[in-house]
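Report on one structure; see the data block that follows.
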Amino acid sequence: MQFYVDGFRGGNPDIKNAAPGRRDRQENAPLPEKVDVLIAGTGPAGLCLAAQLSQFPEIDTMIVEPSPCNIIKGKADGINTRTMEMFQAFGFADKVKRETYWVNQTTFWMPDPENPSGIKRVGRVQDVADDSSEMPHILINQARMHQLFLEYMENSPSRLAPDYNWGVKTLEIDPDADEYPVTVTLEDTGVNWGETRTVRANYVVGCDGARSNVRKAIGGELHGDAAHQAWGVMDILANTDFPDVRQKCLITSANEGNVLILPREGGYLFRMYVELDKLNEDERVAQRNFSQEHMIAAANRIMAPYTIDVKEVVWWSIYEIGHRIADKFDDIGDGDRTSQTPRVFTAGDACHTHSPKAGQGMNVSMQDTFNLGWKLAHVLTGRADASLLHSYAGERLLEAKRLVETDHQWARIMSAPATQDELDGKVEPRFIRQFQENLEFTGGLAVKYDESSLTAEPVHQALATGEEVGRRFHSAPVVRLSDAKQMQLGHVAEADGRWRIYAFAGEGDSSDAGSAIHKLADWLESDPKSPVVKHTRKDEDIDAVIDLRAVFQQTFDQLAYEDMPSLLKPTKGKLGLTDYEKVFCADHKGAGDFYDMRGIDRAKGCMIVVRPDQYIANILPLDAYDELAEFFAGFLLPA
Ligand code: FAD
Numbered sequence: 002m003q004f005y006v007d008g009f010r011g012g013n014p015d016i017k018n019a020a021p022g023r024r025d026r027q028e029n030a031p032l033p034e035k036v037d038v039l040i041a042g043t044g045p046a047g048l049c050l051a052a053q054l055s056q057f058p059e060i061d062t063m064i065v066e067p068s069p070c071n072i073i074k075g076k077a078d079g080i081n082t083r084t085m086e087m088f089q090a091f092g093f094a095d096k097v098k099r100e101t102y103w104v105n106q107t108t109f110w111m112p113d114p115e116n117p118s119g120i121k122r123v124g125r126v127q128d129v130a131d132d133s134s135e136m137p138h139i140l141i142n143q144a145r146m147h148q149l150f151l152e153y154m155e156n157s158p159s160r161l162a163p164d165y166n167w168g169v170k171t172l173e174i175d176p177d178a179d180e181y182p183v184t185v186t187l188e189d190t191g192v193n194w195g196e197t198r199t200v201r202a203n204y205v206v207g208c209d210g211a212r213s214n215v216r217k218a219i220g221g222e223l224h225g226d227a228a229h230q231a232w233g234v235m236d237i238l239a240n241t242d243f244p245d246v247r248q249k250c251l252i253t254s255a256n257e258g259n260v261l262i263l264p265r266e267g268g269y270l271f272r273m274y275v276e277l278d279k280l281n282e283d284e285r286v287a288q289r290n291f292s293q294e295h296m297i298a299a300a301n302r303i304m305a306p307y308t309i310d311v312k313e314v315v316w317w318s319i320y321e322i323g324h325r326i327a328d329k330f331d332d333i334g335d336g337d338r339t340s341q342t343p344r345v346f347t348a349g350d351a352c353h354t355h356s357p358k359a360g361q362g363m364n365v366s367m368q369d370t371f372n373l374g375w376k377l378a379h380v381l382t383g384r385a386d387a388s389l390l391h392s393y394a395g396e397r398l399l400e401a402k403r404l405v406e407t408d409h410q411w412a413r414i415m416s417a418p419a420t421q422d423e424l425d426g427k428v429e430p431r432f433i434r435q436f437q438e439n440l441e442f443t444g445g446l447a448v449k450y451d452e453s454s455l456t457a458e459p460v461h462q463a464l465a466t467g468e469e470v471g472r473r474f475h476s477a478p479v480v481r482l483s484d485a486k487q488m489q490l491g492h493v494a495e496a497d498g499r500w501r502i503y504a505f506a507g508e509g510d511s512s513d514a515g516s517a518i519h520k521l522a523d524w525l526e527s528d529p530k531s532p533v534v535k536h537t538r539k540d541e542d543i544d545a546v547i548d549l550r551a552v553f554q555q556t557f558d559q560l561a562y563e564d565m566p567s568l569l570k571p572t573k574g575k576l577g578l579t580d581y582e583k584v585f586c587a588d589h590k591g592a593g594d595f596y597d598m599r600g601i602d603r604a605k606g607c608m609i610v611v612r613p614d615q616y617i618a619n620i621l622p623l624d625a626y627d628e629l630a631e632f633f634a635g636f637l638l639p640a
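To convert a position in the sequence shown, counted from 1, into the numbering used here, add 1.
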């Protein structure tokens, strides 16, 4: 963690210096008349976006929420490894790791062939494959996760906070207006219930859940199916003689349905998803009047001969599985993308819904807005043309389709009765196989963006076979040269909207003058064609847009810090202080060698260009200057 770059300031380093000219947030202060970005909804999607934008105090961001405050309990609880990698960029992954339940194993239970009215453990699967991510898969109360984003916003230079008790009623877009073209009607849901106000915005993002008013206002519709299957979910404090209660468990009974157990943070709490009745075609779950007593009774039947003695029901809800996706994720839809750029977007449940059992809802919602946040920041700070915003729908709609398809398949397999061969133990049950096959997907690690101006054709993929263009940058251990600290290379990336170039030195390159790394750094720092020179403003730190980091194959004692080129030890901030944290060595202390782990070409080395949302945009030879310049010129404007 780096701080003090602009001078010493005591206290909590997570609290950034407040930017001047912020909105007056005192009680009874009026709502703003105009904002750059208006976000509807403080669920995971809205908060992730607000947190990202809060780092840009020059962008006026407003986030509205009809509820009076943050939720306290309930809703989703699964955070996959990919989202944890994103939390690292927001700086709270360590806090989350400390507080939460880690899903290490998943166990599977089926009817006991010797006693079919009872159940028996039939398999265990390691939940996170070795080296699939440096992060665990964790379970946490959604409300706590919201709180972490809210704290991050509060500590940001913008001191951003939600406007509670306001919901988006509707909006209109003026196609002829260049500035603030979206007029949003907000409705008071607090003491002056029903009163309305208008706010004009440059961009609106509907993170307002499955019944999204923003989606409706842009003519979007959710398509898909309801599975007519009721599921109950309850977070409980209970005693049980079931032995695997502190492991994630999928339990299938012979005739009583299924239960999914998710142990939770704090050591005592656990969640149960309980399969309830099939619904009729035209029946809604609310019509059945299911209660928590129904759920507890069903769980006891499914898990017999084991019993659950519930001491406290912390939260419960009844669900009907629906897998649905909106036909458009922005106001352009299939319209004319060449002459118009989007002004209104939807994200998260507002544009795709799925069953809670694959644990994707909250994760994918945040990944949607992590994708959109830096793009909005680039456009609003003049770094990129507004046409960049087309890529949000382009990338996320396809991902949502893949998610809904996989989730659909998973829900079907979960609900299908076991075959006789599976029951007799002759073949591995289908749901164990499917679970294992899905692990990369459920970890959020299977996302791969197609070729576009942001994702280059993988011409030089052979230079880094374990870091695929279009997929997230897969971190691995390194040792920092300046202080010999063992760390993960990917952890240098913060949610700050910057691009990163990781330059891996070829064999024997120790950054002496004339070496490939030295030449690359010098070219990047001073050549008029260099993207660093072209896209960084005169008054900005040299790494404000593109942050170069170098990794060498030698151990840290074989390299000399003084031999490093000036771009790898730049002076920054108000005081012109040297940044010592740009140079790394492969880890020789046992944690693993980056080159071996990620298939980096040892002889030639390479550059890996990584987007602000941690996805690999390009892989290039160390001397591919023109290709690098051309790549960035494809979407960044000259400074
Ligand atoms: P949401 O979390 O739904 O957030 C939307 C936000 O928008 C809410 O705060 C809402 O109050 C606000 N809003 C609504 N209307 C407006 C408006 N007009 N203007 C402004 N704001 C508005 N997932 C699981 O994996 N497991 C679960 O057990 C589970 N349980 C759930 C129970 C409930 C009752 C609900 C609603 C969802 C549940 N989910 C569960 C789904 C999971 O919570 C979502 O997938 C995830 O929260 C999606 O995040 P989001 O930010 O897109 O939407």
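No residue lacks a Cβ here, since even glycine has one placed at the ideal position from N, Cα and C.
Treat the numbers as computed from the prediction; the structure is a model and nothing was measured.
Counting along the chain, where does the beta strand (DSSP E) carrying T1 start and finish?
Here the chain has residues from 2 to 640 only, and residue 1 is not among them.
Keeping to the same chain, check which residues put their C-beta closer than 8 Å to that of A385; ignore five residues upstream and five downstream.
In the sequence shown, residue 385 corresponds to position 384, counting from 1. By the criterion of a C-beta distance shorter than 8 Å, A385 is surrounded in its chain by K376, H379, F636, L637, L638, once the five residues flanking it on both sides are discounted.
Does the distance from the C-beta atom of Y500 to that of R599 stay below 8 Å?
Counted from its first residue, the sequence shown places residue 500 at position 499. Counted from its first residue, the sequence shown places residue 599 at position 598. Strictly speaking, residue 500 in this sequence is Trp, with Tyr absent from that position. No. Outside cutoff.
Would you mind reading off the limits of the alpha helix (DSSP H) that contains P478?
Stepping through the sequence shown from its first residue, residue 478 is reached at position 477. It is not in any alpha helix (DSSP H) - P478 instead sits in the beta strand (DSSP E) that spans 478-481.
Is any heavy atom of the ligand FAD found at a distance shorter than 7 Å from the C-beta of T171?
As a first step, residue 171 is located in the sequence shown; it is residue number 170 there, counting from the start. False, no ligand heavy atom lies under 7 Å from that Cβ.
Sorted by chain position, which residues of the same chain lie with C-beta nearer than 6 Å to N166's C-beta, five sequence neighbours on each side aside?
Here residue 166 refers to the residue found at position 165 of the sequence shown. Same-chain partners within the cutoff: P69, T190, G191.
Closest to E135 by CA distance: which of W103, D332, A218, P21 is it?
Here the question's residue 135 lines up with position 134 in the sequence shown. Nearest of W103, D332, A218, P21 to E135, Cα basis: W103.
Is the beta carbon of L172 closer than 8 Å to that of V205?
The residue given as residue 205 occupies position 204 in the sequence shown. The residue given as residue 172 occupies position 171 in the sequence shown. A contact, by the Cβ cut-off of 8 Å.
Does the stretch 330-339 touch the stretch 152-159, meaning 3 or more C-beta pairs lie closer than 8 Å?
No: the two stretches stay apart, fewer than three of their Cβ pairs being nearer than 8 Å.
Identify whether H224 lies in helix, strand or coil by the three-state DSSP scheme.
Your numbering for residue 224 matches position 223 in the sequence shown. In the structure shown, H224 sits in a strand (DSSP, three-state: E or B).
Can you tell me where the alpha helix (DSSP H) holding G362 begins and where it ends?
Start at 1 with the first residue of the sequence shown, and residue 362 comes out as number 361. It spans 362-381 - the alpha helix (DSSP H) in which G362 sits, taken as one unbroken run.
If I measure Cβ to Cβ from G75 and keep anything under 6 Å in the same chain, skipping five residues before and after, which residues do I get?
As a working note, residue 75 is residue 74 in the sequence shown. Same-chain partners within the cutoff: W316.
Under 8 Å, with one C-beta from each stretch per pair, do the stretch 520-527 and the stretch 567-577 reach the 3-pair mark?
yes
Can you give me the Cβ contacts of R198 inside the same chain, cut-off strictly under 6 Å, excluding the 5 residues immediately before and after it?
By 1-based counting over the sequence shown, the position of residue 198 is 197. Counting only Cβ-Cβ distances below 6 Å, and skipping sequence neighbours, we find L32, L187.
Cβ of C208 versus every heavy atom of the ligand FAD: is any distance shorter than 7 Å?
Start at 1 with the first residue of the sequence shown, and residue 208 comes out as number 207. Yes, the ligand FAD has a heavy atom inside 7 Å of this Cβ.
Would the stretch 489-504 and the stretch 543-554 be scored as touching if the rule is three or more Cβ pairs under 8 Å?
yes
For S292, verify whether its CB is less than 7 Å away from any heavy atom of the ligand FAD.
As a position in the sequence shown, residue 292 is number 291, starting the count at 1. No - the ligand FAD has no heavy atom lying nearer than 7 Å to the Cβ of S292.
At a cut-off of 7 Å, is K76 close to the ligand FAD when judged by its beta-carbon and the heavy atoms of the ligand?
Mapped onto the sequence shown, residue 76 falls at position 75. Checking the Cβ of K76 against the ligand FAD gives yes.
Would you list the residues sitting across from F331 in a DSSP beta bridge?
Position 330 of the sequence shown, counted from the first residue, corresponds to residue 331. This sequence places Asp at residue 331; Phe is not what is there. D331 pairs with F346.
Quick one: what does DSSP say E582 is sitting in, helix, strand or coil?
To locate residue 582, count along the sequence shown from 1; it is residue 581. E582 falls in the coil class under three-state DSSP.
Would a C-beta distance cut-off of 8 Å place Q487 and S476 closer than the cut-off?
Counted from its first residue, the sequence shown places residue 487 at position 486. Counted from its first residue, the sequence shown places residue 476 at position 475. Their beta carbons are not under 8 Å apart, which means Q487 does not touch S476 by this criterion.
Quick one: using the 10 Å Cβ neighbour count with 16 as the cut-off for buried, is W194 buried or exposed?
If you number the sequence shown from 1, residue 194 lands on position 193. Its Cβ having fewer than 16 others within 10 Å, W194 is exposed.
Between the C-alpha atoms of R247 and R413, what's the straight-line distance to the nearest angstrom?
Your numbering for residue 247 matches position 246 in the sequence shown. Your numbering for residue 413 matches position 412 in the sequence shown. Roughly 26 Å separates the two Cα atoms.
So, helix, strand or coil for R212, using DSSP?
Locating residue 212 in the sequence shown gives position 211, where the first residue counts as 1. In this structure, R212 counts as coil in the three-state DSSP scheme.
Spatial neighbours of A94 within its chain, please: C-beta separation below 6 Å, excluding the five flanking residues on both sides.
For the purposes of this step, residue 94 is identified with residue 93 of the sequence shown, where counting begins at 1. Cβ neighbours of A94 beyond the five flanking positions: M85, F88.
Going by CA-CA distance only, name the one from P343, T466, L263 that's closest to P182.
Reading the sequence shown from its first residue, position 181 is the one you call residue 182. Among P343, T466, L263, the Cα nearest to that of P182 belongs to P343.
Between the stretch 293-308 and the stretch 209-219, do three or more beta carbon pairs fall short of 8 Å?
no
At the level of alpha carbons, what is the spacing between S133 and Y596?
As a position in the sequence shown, residue 133 is number 132, starting the count at 1. As a position in the sequence shown, residue 596 is number 595, starting the count at 1. In a straight line, the C-alpha of S133 is about 16 Å away from that of Y596.
Identify the continuous alpha helix (DSSP H) that holds Y596 and give its terminal residues.
As a working mapping, residue 596 is identified with position 595 in the sequence shown. 595-598 is the extent of the alpha helix (DSSP H) around Y596.
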